[in-house]
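Have a look at the structure below before the remarks.
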Amino acid sequence: MLNAKVKELLNQQVNKEFYSAYLYLDFSNYYEARGLNGFANWYKIQAQEERDHALLFYQYLHNNNETVTLEAIDKPDKVFTCDMDPLKAGLGHEEYVTSLINDIYAAAYEVKDFRTMQFLDWFVKEQGEEETNANDLISKMELFGSDPKSLYMLNSELAARVYSAPSLVL
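With the sequence shown counted from 1, adding 170 to any position gets you the numbering used here.
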């Protein structure tokens, strides 16, 4: 049986991950409207990853005989004025999610919930990768975004990304 605080934080994370998926679909929508289908593809795949993260937390709770409470998903409220805006918002959001994972880890550590800590180890690593990817996209946009030919190449690079489901064993 999970500690009440740990359980609550894990349950909140299910909903936060679904929000992340919704947010990244909004980013994808922005780029589709701008004709940047590669950027749109990159964020659609991000949305798929976040949905799968939510389902991993969901399954972990069920594997521990806990019920999941699904909450309403907030509407993304970001307003974009340039193509860099979603990239910067994405980095900020990943940093926020990292803080949420760290909070759950700290709560599990406090009550010596080693199983939950082990479960979260994958997410700690994943968040490091997510922040690196977000920073890399910003750097590439800063370098190439103002040149139409380079932006076309970057867009083409992002269009080639394919989805790969997480390989976390629960």
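Where a beta carbon is used, it is the ideal one built from N, C-alpha and C, also for glycine.
For this session: Within its chain, find whatever has a CB closer than 6 angstroms to the CB of M254; leave out the 5 residues flanking it on each side and keep chain order.
Result: M311
Exercise. Do A224 and A191 come within 8 angstroms of each other at the CB atom, strictly closer than that value?
Worked result: Yes, Cβ-Cβ distance for A191 and A224 is below 8 angstroms.
Problem set entry | Nearest to L178 (by Cα), restricted to the options A203, I271, Y200, S198 | Note on residue identity: the sequence assigns Glu, not Leu, to residue 178. Comparing Cα positions, the closest option is I271.
For this session: Measure the CB-CB distance between Y266 and L290 and report whether it falls below 8 angstroms.
Result: no
Problem set entry | Beta-carbon separation (whole angstroms), G208 vs N325, contact threshold 8 angstroms | 4 angstroms
Exercise. Is it right to say K186 is buried, meaning 16 or more other beta carbons lie within 10 angstroms of its own, or is it exposed?
Worked result: buried
Exercise. Exposed or buried, which one is F284 when buried takes at least 16 other CB atoms within 10 Å?
Worked result: exposed
Exercise. Looking at the C-beta of E301, does it have a partner C-beta in chain B at a distance below 8 angstroms?
Worked result: This model lacks chain B altogether, as it is built from one protein chain only.
For this session: Could you tell me if G260 is buried or exposed, where buried requires 16 or more neighbouring beta carbons within 10 angstroms of its beta carbon?
Result: That one is buried.
Exercise. Going by other Cβ atoms of all chains shown within 10 Å of its Cβ, with 16 needed for buried, is T288 buried or exposed?
Worked result: Here the sequence assigns Gln to residue 288, which means Thr is not the residue at that position. Q288 comes out exposed.
Exercise. Taking just the CA atoms, how far does E264 sit from R221?
Worked result: Going by the C-alpha atoms only, they are around 14 angstroms apart.
Exercise. Out of curiosity, what's the CA-to-CA distance linking G262 and T302?
Worked result: 12 angstroms
Exercise. So, K175 versus L195, is the Cβ gap smaller than 8 angstroms?
Worked result: no
Exercise. Closest by CA to Q183, which one among L240, K319, G205?
Worked result: L240
For this session: Keeping to the same chain, check which residues put their C-beta closer than 8 angstroms to that of F314; ignore five residues upstream and five downstream.
Result: S320, L321, M323, L324
Exercise. Is F197 helix, strand or coil when you go by DSSP?
Worked result: Three-state DSSP puts F197 in a helix.
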